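A.B. asks:
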Amino acid sequence: MTTLIDTRDLTLAYHGRTVLRDVNLSLAPGEIVTIVGPNGSGKSSLIRALIGALPPAQGHVTRKRGLKIGYVPQSLAIDPTLPLTVARFLNLPRRIGAGRVAEALRQAGVPDLAQHQMTALSGGQFQRVLLARALLSEPDILILDEATQGLDQPGAAQFYRQIEAVRRQKGCAVLMVSHDLHVVMAASDRVLCLNGHICCEGTPEIVASAPEYRALFGTGTQGALALYRHEHTHSHGPDCDHDHGHEAAE
Amino acid sequence: MLDDFLVRAALAGLGVAIAAAPLGCFVVWRRMAYFGDATSHAAILGVALALALDLPVFGGVLVIALVMALLLTALTGRGMGGDAALGVLAHTALALGLVAVSFLPSVRVDLLSYLVGDILAVSGTDLVVIWTGALAVLMLLSWRWSALLSATLSPDMARAAGVDPQREQFILTLALAITVAVAIKVVGALLIAALLIIPAAAARPLSRGPETMAAAAMAIGAAAALGGLLVSFALDTPTGPTIVSVAAAIFALTRSLQAARG
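Protein chains in written order, with our numbering: chain A, 23 to 272; chain B, 346 to 607.
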């Protein structure tokens with residue numbers, strides 16, 4: 023099994039300030055990994071480094087040769103002066119046939135939108151179109167950067183179910199980011215908590231097996247959302263003396 | 346019936362309009378209106394330098410516009426935001442250019458022609474320069490069209506799809522510098538940005554896709570250039586400002602059509 027993306031001692035800086043340090047992360051084909059962390063914890067910087075948009079300050083990012091990334095940005099500000107139908111949008115940067123466009127829209131759960139203007143879509147429709155676009159490249163990995171921002175809770179739950187359905191069908195790996203410490207996908211193989219570095223990681227199941235966490239599961243969202251709470255009073259052993267600047271979920 | 350100089354003026358106006366219109370669409374989509382302003386205002390500095398060094402005006406303007414655009418790109422990231430920085434640079438460039446020109450006594454008389462253009466004085470050589478530049482801009486834009494659109498929508502998404510947004514930004518910058526250099530004779534440094542933005546903005550209500558908007562902008566720009574030339578000839582008004590005024594009238598028309606449609 024070849025690793026899709028591998029980082030070694032990755033340190034990232036933004037405007038000369040270190041935002042993330044010593045990240046060792048390995049993404050395997052087909053796995054679902056969720057990154058959580060508060061605002062400013064370096065999540066988006068990490069994503070941008072993984073897709074090649076942000077060069078490492080130190081360390082390395084290694085992508086499998088010919089790796090195809092389907093990237094769903096956290097939002098996309100399309101200027102109202104730019105007329106753009108969904109179909110035209112999906113044909114960027116390369117022309118793709120109408121058949122594949124329709125197929126991708128169907129997989130993303132919005133089969134009827136091809137001739138709509140991008141600026142006329144609702145938040146949920148817009149995110150699904152972005153998902154359809156990411157799927158067009160037949161990606162080895164889907165990377166979603168806070169893709170449910172701006173959606174309400176049921177909308178987000180629906181969107182996550184769509185992602186799960188897509189992954190079952192396509193078998194691609196999924197890396198998602200959430201700024202919301204409470205919410206991660208139940209189907210995640212791993213959850214990474216970021217706060218300037220990887221401060222903890224584990225399967226949601228392990229987390230969920232603790233009674234205080236189990237009580238928080240399944241709040242009427244049909245299992246697509248998991249409420250994941252952890253404390254930051256954990257110990258790192260003698261070599262680690264950092265503090266944690268964010269509060270755990272309530 | 347048309348004099349030679351009018352034919353040359355019409356051809357010059359058409360050349361500039363068809364290059365400026367599709368580029369102007371990107372200027373509008375990327376919210377670079379001020380960026381275009383700053384770059385074209387810097388052109389006056391290019392005129393002064395070219396005349397002082399006895400170089401062709403086209404070359405001087407091209408180089409200074411390119412330097413200015415690259416400087417602005419470096420200062421403001423993707424060519425957006427940095428409102429104050431752009432405002433400072435736009436007017437500083439114009440002021441410095443005017444000061445520099447004042448050191449050249451022979452040019453002082455001609456200053457107005459570089460500020461608002463002198464399309465009726467276009468020579469055969471000017472026409473070759475204008476059309477070469479215009480075709481170069483059109484070829485650049487059509488060659489990179491899809492990549493430019495992707496980079497305009499989202500630099501990160503473009504990058505994930507294998508498009509280098511910084512390269513696309515540079516292509517736009519280059520196209521902008523060429524357009525400024527060929528347009529200075531036609532509409533002058535003060536009004537180049539108007540010829541970029543107004544046809545594109547006027548084309549917006551008529552368009553459902555980026556390609557149709559670019560085509561409509563070209564048609565509107567061409568109509569404004571020819572219409573402006575005729576109006577200025579009939580009313581004896583300065584040609585560059587008249588062309589821009591006609592473009593503005595078309596803008597008002599398409600906007601009210603859209604408003605009437607609901």
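The beta-carbon is built from N, C-alpha and C at its ideal position, and this holds for glycine as well.
Predicted, not measured: the structure shown is a model, and the values here were computed from it.
1) So is residue 141 of chain A buried or exposed if we call it buried at 16+ other beta carbons inside 10 Å?
2) Just to confirm, is the Cβ distance from residue 164 of chain A to residue 197 of chain A under 9 Å?
3) Just mark residue 487 of chain B as buried or exposed, buried being the case when its beta carbon has 16 or more other beta carbons within 10 Å.
4) Under DSSP, the beta strand (DSSP E) around residue 53 of chain A begins and ends at which residues?
5) Beta-carbon separation of residue 71 of chain A and residue 104 of chain A under 9 Å?
6) Decide yes or no for the touch test of the segment 515 to 535 of chain B against the segment 374 to 388 of chain B: beta carbon pairs closer than 8 Å, at least 3 of them.
7) Can you name the start and end residues of the beta strand (DSSP E) that residue 92 of chain A belongs to?
8) Using the three-state DSSP reduction, which class does residue 140 of chain A fall into: helix, strand or coil?
9) Does the beta carbon of residue 75 of chain A come closer than 9 Å to any beta carbon on chain B?
10) Please look up how many angstroms separate the CB atoms of residue 184 of chain A and residue 130 of chain A, rounded, as I've assumed it's under 8 Å.
11) Residue 91 of chain A touches chain B at which residues, Cβ-Cβ below 9 Å?
12) Between which two residues does the alpha helix (DSSP H) harbouring residue 502 of chain B extend?
13) Which residues of chain B have a Cβ atom closer than 7 Å to the Cβ of residue 118 of chain A, listed in chain order?
14) Is the Cβ of residue 374 of chain B closer than 9 Å to any Cβ of chain A?
15) Using a Cβ-Cβ distance cut-off of 9 Å, determine whether residue 552 of chain B contacts chain A.
16) Please determine, among B/497, B/468, B/461 and B/506, the residue with the shortest C-alpha to C-alpha distance to residue 117 of chain A.
17) Is the shortest distance between the beta-carbon of residue 139 of chain A and the beta-carbons of chain B less than 9 Å?
18) Just list the alpha helix (DSSP H) runs in the segment 121 to 174 of chain A, keeping only unbroken ones of 4 residues or longer that don't cross its boundaries, in chain order.
19) Rounding to the nearest angstrom, what Cα-Cα distance links residue 237 of chain A and residue 112 of chain A in this structure?
20) Going along chain A, which residues have a C-beta under 7 Å from residue 377 of chain B?
21) Quick one: does residue 424 of chain B have its CB under 9 Å from some CB of chain A?
22) Is residue 26 of chain A helix, strand or coil by DSSP?
23) Along the segment 518 to 548 of chain B, what residues have a CB closer than 8 Å to any CB found in chain A?
24) Report the residue ranges of all alpha helix (DSSP H) runs contained in full by the segment 381 to 452 of chain B; include only those spanning at least 4 residues, in chain order.
25) Using a Cβ-Cβ distance under 9 Å, would residue 133 of chain A count as near chain B?
26) Beta carbon of residue 91 of chain A, beta carbon of residue 200 of chain A: below 9 Å?
27) Listed from N- to C-terminal order along the chain, which residues in the segment 450 to 481 of chain B have their beta-carbon within a distance smaller than 8 Å of any beta-carbon of chain A?
C.D. replies: In this structure, then:
1) Along the first sequence, one-based indexing puts residue 141 of chain A at 119. So residue 141 of chain A ends up on the exposed side.
2) Taking the first sequence and counting its residues from 1, the one referred to as residue 164 of chain A is at position 142. Taking the first sequence and counting its residues from 1, the one referred to as residue 197 of chain A is at position 175. Yes, the Cβ-Cβ distance between residue 164 of chain A and residue 197 of chain A is below 9 Å.
3) Position 142 of the second sequence, counted from the first residue, corresponds to residue 487 of chain B. The residue is exposed, with fewer than 16 neighbouring Cβ atoms inside 10 Å.
4) Here residue 53 of chain A corresponds to residue number 31 of the first sequence, with the count starting at 1. The continuous stretches of beta strand (DSSP E) do not include residue 53 of chain A, and DSSP gives it neither H nor E.
5) Stepping through the first sequence from its first residue, residue 71 of chain A is reached at position 49. Stepping through the first sequence from its first residue, residue 104 of chain A is reached at position 82. Contact check for residue 71 of chain A against residue 104 of chain A fails: the beta carbons are separated by 9 Å or more.
6) Between the segment 515 to 535 of chain B and the segment 374 to 388 of chain B, the count of C-beta pairs closer than 8 Å reaches three or more; the two stretches touch.
7) Here residue 92 of chain A is taken as the residue at index 70 of the first sequence, counted from 1. Note, residue 92 of chain A: beta strand (DSSP E), 91 to 94.
8) In the first sequence, counting from the first residue as 1, residue 140 of chain A sits at position 118. Residue 140 of chain A falls in the helix class under three-state DSSP.
9) As a first step, residue 75 of chain A is located in the first sequence; it is residue number 53 there, counting from the start. Yes, because at least one Cβ of chain B sits closer than 9 Å to the Cβ of residue 75 of chain A.
10) The residue labelled residue 184 of chain A in the question sits at position 162 within the first sequence. The residue labelled residue 130 of chain A in the question sits at position 108 within the first sequence. So it is a contact: roughly 7 Å between Cβ atoms.
11) Position 69 of the first sequence, counted from the first residue, corresponds to residue 91 of chain A. Contact note: residue 91 of chain A reaches chain B through 505 and 506, using a C-beta cutoff of 9 Å and chain order.
12) Numbered from its first residue, the second sequence carries residue 502 of chain B at position 157. Its alpha helix (DSSP H) spans residues 500 to 505.
13) Translated into the one-based positions of the first sequence, residue 118 of chain A becomes position 96. Result: empty, since nearest Cβ-Cβ is about 11 Å, beyond 7 Å.
14) The residue given as residue 374 of chain B occupies position 29 in the second sequence. Chain A, which has a Cβ nearer than 9 Å to the Cβ of residue 374 of chain B, makes this yes.
15) Stepping through the second sequence from its first residue, residue 552 of chain B is reached at position 207. Yes - at least one Cβ of chain A is within 9 Å of the one on residue 552 of chain B.
16) For the purposes of this step, residue 117 of chain A is identified with residue 95 of the first sequence, where counting begins at 1. Checked all of B/497, B/468, B/461 and B/506; the closest Cα to residue 117 of chain A is B/506.
17) On the first sequence, position 117 is the one that residue 139 of chain A refers to. Taking 9 Å as the threshold, the shortest C-beta distance from residue 139 of chain A to chain B falls below it.
18) Fully enclosed alpha helix (DSSP H) runs of 4 or longer: 145 to 158.
19) In the first sequence, counting from the first residue as 1, residue 237 of chain A sits at position 215. In the first sequence, counting from the first residue as 1, residue 112 of chain A sits at position 90. The predicted model places residue 237 of chain A with a pLDDT of 42, which falls under 50 and marks its position as unreliable, so this point remains unresolved.
20) The sequence position of residue 377 of chain B within the second sequence is 32, counting from 1. Per Cβ cutoff of 7 Å: no residues; residue 377 of chain B is ~11 Å from chain A at best.
21) Position 79 of the second sequence, counted from the start, is the residue given in the question as residue 424 of chain B. Residue placement at residue 424 of chain B cannot be trusted, given a pLDDT of 47 that sits under 50; what the coordinates show is reported in the next sentence. Chain A has no Cβ within less than 9 Å of the Cβ of residue 424 of chain B.
22) Counting from one through the first sequence, the residue named residue 26 of chain A turns up at place 4. In the structure shown, residue 26 of chain A falls within a coil segment according to DSSP collapsed to helix, strand and coil.
23) Legend: CB atoms of the segment 518 to 548 of chain B lying less than 8 Å from CB atoms of chain A belong to residues 545 and 546.
24) The segment 381 to 452 of chain B contains these whole alpha helix (DSSP H) runs: 402 to 421 and 428 to 447.
25) Here residue 133 of chain A corresponds to residue number 111 of the first sequence, with the count starting at 1. Not closer than 9 Å to any Cβ of chain B, the Cβ of residue 133 of chain A fails to qualify, so no.
26) Position 69 of the first sequence, counted from the start, is the residue given in the question as residue 91 of chain A. Position 178 of the first sequence, counted from the start, is the residue given in the question as residue 200 of chain A. Contact: no.
27) Across the segment 450 to 481 of chain B, no CB contact with chain A closer than 8 Å is found for any residue.
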